[in-house]
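**Q**
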Amino acid sequence: EGMVCSFGSHEDYGTRPVIAMAFPAVKVGYMTKMENRLLPYRCLLEDWCPGGDPATCALNRDSEKVACGRCLDGYYLSE
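Each residue of the sequence shown is one higher than the last, beginning at 39 in our numbering.
(1) Determine the contact status of W86 and A63, defining contact as a CB-CB distance below 9 Å.
(2) Can you find the residues in the same chain that come closer than 6 Å, C-beta to C-beta, to R99, ignoring five residues on each side of it along the sequence?
(3) Please state whether DSSP places A63 in a helix, a strand or coil.
(4) Whole angstroms is fine: what's the gap from A93's alpha carbon to K71's?
(5) Select from D91, E117, C81 and L82 the residue whose C-alpha is nearest the C-alpha of F61.
(6) For G89, does the count of other Cβ atoms within 10 angstroms reach 16, so buried, or fall short, so exposed?
(7) Going along the chain, which residues of its own chain have a beta-carbon closer than 8 Å to the beta-carbon of N74, five neighbours each way excluded?
(8) Please return the same chain residues whose Cβ sits closer than 8 Å to the Cβ of L77, not counting the five positions on each side in sequence.
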């Protein structure tokens, strides 16, 4: 769950073909960390995790944190 194996299919390979071809693409609403690209985390809010390449989070979300669960320093969650 949380990943799409796109090798040999018509699925989108993401923005960095070298990484995406070596690892499955991450589904929207999930993220993986660079150090463990095969362990997807489900994000609390789907908008935080656009999917695609490993360690990809929405703008101003911290890709070093599990499931993009924190804002980058200097940014705050607003409604």
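Where a beta carbon is used, it is the ideal one built from N, C-alpha and C, also for glycine. Quick caveat: nothing in here was measured; it's all calculated off a predicted structure.
**A** Reading from the atomic positions:
(1) Indexing the sequence shown from 1 puts residue 86 at position 48. Indexing the sequence shown from 1 puts residue 63 at position 25. Result no, Cβ atoms of W86 and A63 do not sit closer than 9 Å.
(2) By one-based count along the sequence shown, residue 99 stands at place 61. Closer than 6 Å at Cβ, skipping near neighbours: W86 and C106.
(3) Numbered from 1 along the sequence shown, position 25 holds the residue referred to as residue 63. Strand, per DSSP.
(4) Position 55 of the sequence shown, counted from the start, is the residue given in the question as residue 93. Position 33 of the sequence shown, counted from the start, is the residue given in the question as residue 71. C-alpha separation (whole angstroms): 5 Å.
(5) Stepping through the sequence shown from its first residue, residue 61 is reached at position 23. Of D91, E117, C81 and L82, the residue nearest in Cα terms is D91.
(6) Numbered from 1 along the sequence shown, position 51 holds the residue referred to as residue 89. Label assigned to G89: buried.
(7) Counting from one through the sequence shown, the residue named residue 74 turns up at place 36. Correct list: empty, nothing qualifies.
(8) As a first step, residue 77 is located in the sequence shown; it is residue number 39 there, counting from the start. Hits under 8 Å: T70 and K71.
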